[in-house]
Structure formats: structure tokens, C-alpha cells
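A.B. asks: I am attaching a structure below and will ask some questions about it afterwards.
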Amino acid sequence: MPKPRIAVTLGDPGGISYEIVCKAVDSLKVQRVCSPVIFGDKQIFNCLLKKYCRNKKNFEFTATSNLGNVKCSIPTKKSGLIAVSAIKEAVKYCLNNKIKALVTAPVSKESLKFAGITYPGHTELLANLTNSKKIAMLMACNNILGVTVTRHIPISYVSKNLKTKNIVQTILLSIDFIKKNKRNIKIALCGLNPHAGDNSILGNEEKKIIIPAYKKLVQLGVDITPPIPADSAWLKAKQGQFDLICTMYHDQLMIPLKCIDASKIVNITAGLPFIRTSPGHGTAFDIAGKNVANPSAMIESMIYAAKYLFKQT
């Protein structure tokens, strides 16, 4: 069986993205399972290729810009323009069915903002580019899979943006993604407040918002817990008692995963017309250009996409 071709965008050139992509495509683990097609700036890639990649025959390259010479370690408009041009072209390839999976290297939200992109993250930008109305942001780490209902918003906005219908939608999208590879899905539903509200003593979002979502999902036949304290849910998820843990906000998902194994986190977008993965970390401007970036999460992202495609054939 031929290895699947996977689109890989090079992300923000001012951070570690170009470095970790070069190192990832050099990995034998990646070479065994897929054929990467890299999208990014020609000048910058050719320059960094000599520094970070030993074998130049392990991938295809599609130039989406030829601007070169960006400032390292800081977000800039030029970096944002380079990053978004790669994303847009790779998405076109996927939508035209030339490639069936997209792996995105980290971008800087500030660089994108400088470039006129107002979306708060990759996930929302990809949803717009593919006209996907319903999406969910999942994270995989080792054998744990989690999803968050609200995504890139300030913590002070979480409560007012938490809706029963959004919880239901997020979990149904996640189930649709998981069931392509697994049946009998068991889900842990986190509360928002400490101790899941303690019967509304510590907050009433569980009673007003989360429990109605739980009841709706049970009616639909979903194997899900009522809202339970997030700390207990994470302990049980780590012990392998659940196939999915559903959190209410970004850090409720990301902090435990990074404590478990930050180098293995894979970001997955459910609801797009193709599989999309990304490393679960950012541009790491503080170590850009120092040749010390760990490509493990990028490697995991490419392997995850490839294995997902293999299971669909």
C-alpha cells in the first residue's frame, strides 16, 4: 500500500516551526508512514533546510511565498503573511482532494493579527477557509483524548460563552471523529466549577448549562458521565477509564496534558472535510534559531494523521 501524501504547513518562520518540520521529515518514524508535501516560503525554507535537515529527498515542497529574511524570535506582519499563505494553499490542495490530511506547524496569533487575520487561532481560521460551521478542538496525548467546549477566549468570558447546545455539539463531533476507529465510546464530562459546583454552592453553571447537555446526550444514547469534578475526571482518564474527556475551557484541557507529556500532544480539528493535526505547542520564540527545538510533537502529529488515514482505507 502506498504511503499517504500529507500536507505540512511551515507555520511562523520567526519561531521554531520551520526547524521542527525539517527535523520531523528527517525522522525515520515519519518516513515509514507518509510522504510529506511541505508548504511555505521558498527562501527561508532553502536556507534552514541546510541547517536542520540531512536528507532532502524525503518530501515534496510547494512554495507559497518567496519573501525571505524575517526577524527571528518576535511576531511580525511579514511572518504572518508567510504563514497564512502556506495555510491557504495547503487547504486548497486538501479541498481539491489532491491530499487527504493537513498537518500545521505552529503560528503566532500576534503575527496573524499584524497580517490582518482576525481569527483567534488555527482552528477558527481553518473552519472559515473550509466553510465548516461546526468544529471541535481535540487533543491527543499518548492514550488520552480530550476536547474543550470553549477554545481561545479569555477565562472571564468562559461562563457566558458556555452553552448547552455547544456542549452537545462538541461531544457529537468528537464521537463522529472517534467512531471511525472505535466503538463503545465512554466519555467523562467535566464540570466548570470546583467540585462540579457542589450542588450550586460553588456556581450554578452545572445545573443551568452542563446537566441539561448531559441529559440530552443520554437521550441520544451517548455513554457519558454527569458533570464531575475536573480533577477526578482527569485522574480516571489517565487510568484509562474513558475514551474521551470533555472539558469546558482551554486550560482545563491543556494543563493536565502538558503535565502528562508535553512533547507528545497532538491537536486535532474535528468537523473539517479532511483530517487536520498540529503539535500541541506554540512558536517558542524564546528558543527560535538555536537548534534546540524538540520535534517530537510535530512527529507525533504527522504519524497520527497518517495512521488515521490508513484506518480509513
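Taking this note's numbering, the leading residue of the sequence shown gets 25, the next gets one more, and so forth. Beta carbons are placed, not taken as given, at the ideal position from N, Cα and C, and that holds for glycine.
Starting from E84, trace the beta strand (DSSP E) in both directions and tell me its first and last residue.
C.D. replies: It spans E84 to S89 - the beta strand (DSSP E) in which E84 sits, taken as one unbroken run.
A.B. asks: Taking 8 angstroms as the threshold (C-beta atoms), are L105 and V20 in contact?
C.D. replies: Nothing can be reported for residue 20, as the shown portion of the chain is limited to 25 through 337.
A.B. asks: Under a Cβ-count criterion, where at least 16 other Cβ atoms within 10 Å of its own Cβ denotes burial, should K102 be classed as buried or exposed?
C.D. replies: Buried, because 16 or more other Cβ atoms sit within 10 Å of the Cβ of K102.
A.B. asks: Return yes when the Cβ of I195 is within less than 8 angstroms of the Cβ of L162, no when it is not.
C.D. replies: It is not a contact, given that the beta carbons lie outside the stated cut-off.
A.B. asks: Can you list, in chain order, the residues of its chain with a C-beta nearer than 7 angstroms to that of E324? Leave out the 5 residues immediately preceding and following it.
C.D. replies: Only K288 and V290 meet the Cβ criterion.
A.B. asks: What does a CB cutoff of less than 6 angstroms around F201 pick up in its chain, not counting 5 residues either side in sequence?
C.D. replies: Contacts found: A294.
A.B. asks: Decide yes or no for the touch test of the region 317-331 against the region 123-137: beta carbon pairs closer than 8 angstroms, at least 3 of them.
C.D. replies: At 8 angstroms Cβ cutoff, the stretches touch.
A.B. asks: When you compare the region 180-196 with the region 132-151, are there three or more beta-carbon pairs, one atom per stretch, that lie closer than 8 angstroms?
C.D. replies: Not touching, per the Cβ criterion.
A.B. asks: Can you tell me the Cα-Cα spacing of K95 and G38, whole angstroms?
C.D. replies: Straight-line Cα distance between these residues: approximately 6 angstroms.
A.B. asks: Would you say R78 faces chain C, with C-beta separation under 8 angstroms as the test?
C.D. replies: Although the question refers to chain C, the structure presented lacks it and comprises just one protein chain.
A.B. asks: Thinking C-beta only, is L216 closer than 8 angstroms to I191?
C.D. replies: No. Outside cutoff.
A.B. asks: Runs of 3 residues minimum, wholly inside the region 183-271: which ones carry the beta strand (DSSP E) assignment?
C.D. replies: Segments of the beta strand (DSSP E) lying fully in the region 183-271: 210-213 and 268-271.
A.B. asks: Measuring only the C-alpha atoms, how far is T33 from D222?
C.D. replies: Their backbone Cα atoms lie some 45 angstroms apart in a straight line.
A.B. asks: Give me the DSSP bridge partner(s) of D65.
C.D. replies: According to DSSP, D65 bridges with S89.
A.B. asks: Just confirm the distance between the C-beta atoms of Y273 and T174, as a whole number of angstroms; I'd bet it's less than 8 angstroms.
C.D. replies: Indeed, because the Cβ distance is near 5 angstroms, the residues count as touching under 8 angstroms.
A.B. asks: Spatial neighbours of A312 within its chain, please: CB distance less than 6 angstroms, with the 5 preceding and 5 following residues excluded, ordered by chain position.
C.D. replies: Within the same chain, A312 has close Cβ partners G39, I40, C96 and S97.
A.B. asks: Less than 8 angstroms between C-beta atoms, sequence neighbours within five positions excluded: which residues of the same chain meet that for Y42?
C.D. replies: Here the set comprises L34, G35, G64, I68, F69, L72, Y76 and A129.
A.B. asks: Using three-state DSSP, classify V173 as helix, strand or coil.
C.D. replies: Coil, per DSSP.
A.B. asks: In the DSSP assignment, find the unbroken beta strand (DSSP E) run with A139 in it and report its ends.
C.D. replies: First-last for A139: undefined, no H or E at that position.
A.B. asks: Pull up the distance between the alpha-carbon of V182 and that of K27, whole angstroms please.
C.D. replies: Spanning the two alpha carbons is a distance of roughly 42 angstroms.
A.B. asks: Should P297 go down as buried or exposed, given a rule of 16 or more other Cβ atoms within 10 Å for buried?
C.D. replies: P297 is exposed by the Cβ-count criterion.
A.B. asks: On the DSSP bridge assignment, give the partners of L150 in chain order.
C.D. replies: According to DSSP, L150 bridges with nothing at all.
A.B. asks: Given G92, which residues of its chain have a CB within under 6 angstroms of its CB, disregarding the five upstream and five downstream residues?
C.D. replies: For G92, where only same-chain residues beyond five positions count, the Cβ hits under 6 angstroms are Q67 and I68.
A.B. asks: Given a cut-off of 8 angstroms on the beta-carbon distance, is the pair A212 and T172 in contact?
C.D. replies: Contact flag unset, no.
A.B. asks: Mapping DSSP to helix, strand and coil, what is I289?
C.D. replies: Coil at I289, not helix or strand.
A.B. asks: For the beta strand (DSSP E) that contains V32, what are its first and last residues?
C.D. replies: From DSSP, the beta strand (DSSP E) with V32 extends over R29 to T33.
A.B. asks: By Cβ distance, which residues of its chain are closer than 8 angstroms to S156, with the 5 residues on each side in sequence left out?
C.D. replies: Excluding sequence neighbours, S156 sits near L150, G295, L296 and P297.
A.B. asks: According to DSSP, is A312 helix, strand or coil?
C.D. replies: DSSP places A312 in coil when its eight states are reduced to three.
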